[in-house]
Amino acid sequence: MRRLVVVVALGAGALASLVPTAAAQRPRTWNTRPVGHVELRGGFNGDVAVHRRAAYVGSWGFAGLCPVHGVRAISVRRPTRPRVASRFARFPATTAEDVWVGAIETPFFRGDLAAVGIQRCRPGARFAGLALFDVTRPGRPRLLGRLASERGVRGVHELSVVQRADGRVLALLAVPHSLLVTEGRKGDVRIVDVTNPRAPQELADWDFRRDGPEPDRSALVSGRGSLELYAHSVAPYAAGQRAFVSHWDAGTVFLDLADPARPLYLGRTAYGSGAHGNAHSGAFTPGETVFVQNDEVGDFYGTGSERGSWGFQRIFDVSNPGAPVEIGRFATESSIPGRDRRIRRDGLYSVHNNVIVGRLEVVSWYSDGVRIVSLRNPRRPRTIGFFIPPPRRDPQRFWRAPNGAIRFPQVWGIAVRGDLVYASDINSGLWIFRARALRDPG
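Positions 22 to 463 (this note's numbering) are the ones given, in order, by the sequence shown.
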């Protein structure tokens with residue numbers, strides 16, 4: 022790992038104020054070019070989705086720090102001058118981390134739908150669960166329907182939506198720790214029919230700890246502990262006939278949803294002995310035979326949990342989902358030990374989310390910003406570009422790096438439209454940039 026050391030010499034009795042230079046306030050780029058930026062006051066920005074001429078940025082909250090930003094709809098009609106057009110999903114004492122937006126057409130609704138995961142973040146929250154909005158006019162969102170999570174469950178953490186060839190619209194929800202809170206009655210994975218978004222109906226729930234094959238699930242629970250086997254996210258593939266579940270230390274679990282009311286287990290990406298675990302999210306390459314898994318590992322709360330390495334990516338051949346085979350890995354120079362056998366601790370350097378376009382992927386990597394990665398040879402992925410927002414302090418004064426630093430980039434999510442990338446920084450808002458490689462992703 023290469024490091025830049027700056028030494029400042031001060032005369033005796035001198036008083037120094039080290040102010041970031043103008044260059045330090047600009048993004049760092051390689052094969053990318055800044056286009057636009059909108060500061061979202063209050064920080065704690067969550068995931069980002071883009072549809073038509075609007076971007077949608079969710080919001081985070083934790084341990085009583087609960088600014089209730091909801092979702093900001095941002096007009097990107099002019100990408101050089103993005104502006105907040107509206108705010109919605111602002112339920113008291115909740116967060117709205119994850120949002121999906123897309124067009125659907127059913128006998129009950131035709132237009133642009135936003136599905137938002139609502140979670141409690143302090144006492145007094147009257148609603149947590151799935152909230153559905155009509156955002157056909159992004160400046161005037163309208164609540165269509167909602168589906169509450171059980172009492173005691175924090176709510177919907179991550180979600181996705183798919184309209185299948187049969188016209189049915191399914192929302193796939195991750196409700197972490199639901200299995201434990203409900204004492205086995207409700208699994209962490211929920212499959213909800215939102216064909217009529219004004220009346221969503223839960224079809225099924227599933228959880229590896231309850232529904233996975235024996236003796237596999239029993240061995241995992243005894244070896245890692247049930248708290249580390251929750252479902253973090255779930256997303257469709259095979260045109261909505263299948264789904265993958267990022268099931269933390271159980272790995273990525275693949276399900277058959279031919280009958281969405283009866284999910285069937287296909288297989289999973291298991292971890293070896295001593296591995297960190299923490300399957301957080303992932304994405305398929307075209308053809309859906311190669312899967313790139315994001316393992317989120319890090320000292321996010323001052324616990325020392327990175328154990329010598331931040332989270333990185335594992336790449337699997339899933340031609341047979343019943344027996345995935347790891348064929349490659351990808352990490353940044355900051356997230357795993359380099360020649361000096363050290364990792365960076367002046368920020369948070371784990372992988373988070375990825376989007377795959379052709380034979381390229383765009384990856385949010387917290388303090389390493391956004392990485393553009395070539396997957397032309399998935400066994401040997403390589404960086405071909407990056408965009409790193411300038412360091413900012415968290416407006417809520419919560420985030421702190423393991424070494425005590427309080428100013429650093431912190432990219433949560435990305436969305437891609439053409440050669441434009443939309444990146445949400447937890448501290449500094451929405452960034453829009455062009456990636457040269459995306460002009461011809463292959």
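Quick reminder that beta carbons are idealized off the backbone N, C-alpha and C, glycines included.
Computed from a prediction, not measured in an experiment: that's the story for all the values here.
Note to self: For glycine 349, report the span of its beta strand (DSSP E) as first-last.
What the structure shows: Residue numbering aside, residue 349 sits at position 328 when the sequence shown is read from its first letter. Residues 346–351.
Notebook entry, point to check: Counting along the chain, where does the alpha helix (DSSP H) carrying serine 199 start and finish?
Noted result: Position 178 of the sequence shown, counted from the first residue, corresponds to residue 199. Counted as a single uninterrupted DSSP element, the alpha helix (DSSP H) harbouring serine 199 occupies residues 199–202.
Margin query: I need the straight-line Cα distance from glycine 244 to valine 318, nearest angstrom please.
Written below: Here residue 244 refers to the residue found at position 223 when the sequence shown is read from its first residue. Here residue 318 refers to the residue found at position 297 when the sequence shown is read from its first residue. Note on geometry: alpha-carbon atoms of glycine 244 and valine 318 lie some 19 Å from one another.
Item checked: Start-to-end residues for the alpha helix (DSSP H) that takes in phenylalanine 229 -> Position 208 of the sequence shown, counting from 1, holds the residue named residue 229. Taken as a continuous stretch (DSSP letters only), the alpha helix (DSSP H) holding phenylalanine 229 covers 229–232.
Next item on the list: Look at the Cβ atom of alanine 422, then the Cβ atom of glycine 349, and state whether they are nearer than 8 Å.
Entry: Residue numbering aside, residue 422 sits at position 401 when the sequence shown is read from its first letter. Residue numbering aside, residue 349 sits at position 328 when the sequence shown is read from its first letter. No. Outside cutoff.
Margin query: According to DSSP, simplified to helix, strand and coil, what is aspartate 415?
Written below: Position 394 of the sequence shown, counted from the first residue, corresponds to residue 415. DSSP places aspartate 415 in coil when its eight states are reduced to three.
Check: Who are the Cβ neighbours of glycine 298 in its own chain at under 6 Å, not counting the five residues just before and after it?
Finding: Taking the sequence shown and counting its residues from 1, one reaches residue 298 at position 277. Same-chain partners within the cutoff: Asp270 and Tyr292.
Notebook entry, point to check: Apart from the five residues on each side of it in sequence, which residues of its chain come closer than 8 Å, Cβ to Cβ, to asparagine 341?
Noted result: On the sequence shown, residue 341 is found 320 positions in, with the first residue counted as 1. Cβ within range, chain order: Gly288.
Next item on the list: Run the CB neighbour count on phenylalanine 454, radius 10 Å, all protein chains shown included, and call it buried at 16 or more, exposed below.
Entry: Numbered from its first residue, the sequence shown carries residue 454 at position 433. Looking at its Cβ environment, which holds 16 or more other Cβ atoms inside 10 Å, phenylalanine 454 is buried.
Checklist line | leucine 241, enclosing alpha helix (DSSP H) - first and last residue | finding: Mapped onto the sequence shown, residue 241 falls at position 220. Residues 237–245.
Notebook entry, point to check: What is the DSSP secondary structure of glutamate 118, counted as helix, strand or coil?
Noted result: Within the sequence shown, the letter at position 97 stands for residue 118. Of the three classes helix, strand and coil, the one that applies to glutamate 118 here is coil, per DSSP.
Next item on the list: Classify glutamine 46 as buried or exposed, calling it buried when 16 or more other Cβ atoms lie within 10 Å of its own Cβ.
Entry: As a first step, residue 46 must be located in the sequence shown, where it is residue number 25. Exposed, because fewer than 16 other Cβ atoms sit within 10 Å of the Cβ of glutamine 46.
Notebook entry, point to check: For glutamine 222, which of Gly205, Leu194 and Leu201 has the nearest alpha-carbon?
Noted result: Within the sequence shown, residue 222 is the residue found at index 201, counting from 1. Glutamine 222 has its Cα closest to that of Leu194, out of Gly205, Leu194 and Leu201.
Margin query: Quick check: the Cα distance between alanine 75 and valine 97, rounded to an integer number of angstroms?
Written below: As a working mapping, residue 75 is identified with position 54 in the sequence shown. As a working mapping, residue 97 is identified with position 76 in the sequence shown. Computed Cα separation, rounded: 5 Å.
Notebook entry, point to check: Span of the beta strand (DSSP E) holding glutamine 334?
Noted result: Residue 334 sits at position 313 when you count from the first residue of the sequence shown. Start and end: 334–338.
Check: Mapping DSSP to helix, strand and coil, what is glycine 319?
Finding: For the purposes of this step, residue 319 is taken as the residue at position 298 of the sequence shown. The DSSP-derived three-state label of glycine 319 is coil.
Next item on the list: Check the C-beta distance from phenylalanine 337 over to alanine 352 and give it rounded, since I have them as a contact under 8 Å.
Entry: As a first step, residue 337 must be located in the sequence shown, where it is residue number 316. As a first step, residue 352 must be located in the sequence shown, where it is residue number 331. At roughly 16 Å, the Cβ-Cβ gap does not stay under 8 Å, so phenylalanine 337 and alanine 352 are not in contact.
Margin query: To the nearest angstrom, how far is the alpha carbon of phenylalanine 429 from that of phenylalanine 130?
Written below: Position 408 of the sequence shown holds residue 429. Position 109 of the sequence shown holds residue 130. Here the C-alpha atom of phenylalanine 429 lies approximately 43 Å from the C-alpha atom of phenylalanine 130.
Checklist line | Where asparagine 448 falls: helix, strand or coil (DSSP) | finding: Within the sequence shown, residue 448 is the residue found at index 427, counting from 1. Residue state, collapsed to three classes: coil.
Next item on the list: Go through its chain and collect everything with a Cβ distance to phenylalanine 112's Cβ below 6 Å, but skip five positions before and after it.
Entry: For the purposes of this step, residue 112 is taken as the residue at position 91 of the sequence shown. Here the set comprises Ile139 and Phe148.
Checklist line | Cβ-Cβ distance between arginine 172 and glycine 150 below 8 Å | finding: As a position in the sequence shown, residue 172 is number 151, starting the count at 1. As a position in the sequence shown, residue 150 is number 129, starting the count at 1. Going by C-beta atoms, arginine 172 is not nearer than 8 Å to glycine 150.
Next item on the list: Starting from isoleucine 427, follow its DSSP beta bridges and name the residues at the other end.
Entry: Numbered from its first residue, the sequence shown carries residue 427 at position 406. DSSP, once it has assigned bridges, lists no residue as partnering isoleucine 427.
Check: Any C-beta of chain D sitting closer than 8 Å to the C-beta of serine 170?
Finding: Looking for chain D here will not work: only one protein chain is present.
Check: Nearest-angstrom Cα distance between glycine 85 and alanine 256?
Finding: Here the question's residue 85 lines up with position 64 in the sequence shown. Here the question's residue 256 lines up with position 235 in the sequence shown. Cα atoms of glycine 85 and alanine 256: separation of roughly 29 Å, rounded to the nearest angstrom.
Next item on the list: Excluding the 5 residues preceding and the 5 following valine 242 in the sequence, name in chain order all residues of the same chain whose CB lies nearer than 8 Å to its CB.
Entry: Counting from one through the sequence shown, the residue named residue 242 turns up at place 221. Cβ neighbours of valine 242 beyond the five flanking positions: Arg230 and Leu250.
Margin query: Less than 8 Å between the beta carbons of arginine 403 and valine 391, yes or no?
Written below: Position 382 of the sequence shown holds residue 403. Position 370 of the sequence shown holds residue 391. Remark: C-beta atoms of arginine 403 and valine 391 do not approach each other more closely than 8 Å.
Check: Which one of Gly91, Glu126 and Arg335 has the shortest CA to CA distance from asparagine 374?
Finding: For the purposes of this step, residue 374 is identified with residue 353 of the sequence shown, where counting begins at 1. Across the set Gly91, Glu126 and Arg335, the C-alpha of Arg335 shows the shortest separation from the C-alpha of asparagine 374.
Checklist line | CB contact flag (serine 385, isoleucine 435, <8 Å) | finding: Within the sequence shown, numbered from 1, the residue matching residue 385 stands at position 364. Within the sequence shown, numbered from 1, the residue matching residue 435 stands at position 414. If you check the CB distance, serine 385 and isoleucine 435 come in under 8 Å.
Check: What is the DSSP secondary structure of valine 26, counted as helix, strand or coil?
Finding: For the purposes of this step, residue 26 is taken as residue 5 along the sequence shown, with counting starting at 1. Per-residue confidence for valine 26 stands at a pLDDT of 31, beneath the threshold of 50, marking its modelled position as unreliable; the derived number appears in the next sentence. If DSSP states are grouped into helix, strand and coil, valine 26 belongs with coil.
Margin query: Buried or exposed, going by whether 16 or more other CB atoms sit within 10 Å of the CB of proline 358?
Written below: Residue 358 sits at position 337 when you count from the first residue of the sequence shown. Under this definition proline 358 is an exposed residue.
Margin query: One question on the structure: do leucine 278 and glutamine 262 come within less than 8 Å of each other, judged by their Cβ atoms?
Written below: Working through the sequence shown from its first residue, we reach residue 278 at position 257. Working through the sequence shown from its first residue, we reach residue 262 at position 241. In this structure, glutamine 262 lies closer than 8 Å to leucine 278 by Cβ.
Next item on the list: Find the nearest neighbour of cysteine 142 within the set Pro399, Phe83, Thr53 and Ala456, judged by alpha-carbon distance.
Entry: Counting from 1 along the sequence shown, the entry for residue 142 is found at position 121. Per the Cα distances, Phe83.
Note to self: Quick check on glutamine 46: does DSSP put it in helix, strand or coil?
What the structure shows: One-based indexing of the sequence shown puts residue 46 at position 25. Glutamine 46 carries a helical assignment under DSSP once its states are collapsed to helix, strand and coil.
Notebook entry, point to check: What is the C-beta distance between alanine 444 and asparagine 52, in whole angstroms, given that I count them as a contact (C-beta under 8 Å)?
Noted result: As a first step, residue 444 is located in the sequence shown; it is residue number 423 there, counting from the start. As a first step, residue 52 is located in the sequence shown; it is residue number 31 there, counting from the start. Not really, about 15 Å apart at Cβ, beyond 8 Å.
Notebook entry, point to check: If valine 69 sits next to leucine 451, beta carbons under 8 Å apart, how far is it from one beta carbon to the other, in whole angstroms?
Noted result: Taking the first residue of the sequence shown as position 1, residue 69 is located at position 48. Taking the first residue of the sequence shown as position 1, residue 451 is located at position 430. Confirmed, about 7 Å.
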